[in-house]
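Counting in my numbering, the sequence shown runs from 11 upward without gaps. For reference, the structure discussed in these notes is given below.
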Amino acid sequence: MNASEALARAEAAGVRLRLRPDGGVRMDAAEPPPADVLADLRRWRKDVAHLLALRCLIAFYERAQADALAALAAPDSDLAAERVVMAQHYSAAPPGESVR
């Protein structure tokens, strides 16, 4: 068992976990979850909080990327050249890494 598995088990049991602004975890459920699920969440509390924070970060970057792509797709002849340069820049791999 690890934090990822504990989180998956809790969600499968109908538990909704959210990260609080203070870094703690808020738990909501329609009915009390099984005792072993709660025990796993307690055991992996800090790691579950980190996983929830990572989910938030990934969601933020995915939304930012989608917004940027939507902005680039909008027709605007005045910005066409700038958009080409931006697309080339952001699609390039960092030095030493290959592009997938």
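Don't be surprised by glycine CBs; every beta carbon is placed ideally from N, CA and C.
By the neighbour-count criterion, in which a residue is buried when 16 or more other Cβ atoms sit within 10 angstroms of its Cβ, residue 67 is exposed.
Counting along the chain, the unbroken beta strand (DSSP E) around residue 37 starts and ends at 35 to 39. If you ignore the 5 residues before and after residue 31, its C-beta comes within less than 6 Å of no other C-beta in its own chain. Following the DSSP letters along the chain, one finds residue 26 inside the beta strand (DSSP E) bounded by residues 25 to 29.
Taking C-beta atoms under 8 Å as the contact rule, residue 43 and residue 20 qualify, at a distance of about 6 Å.
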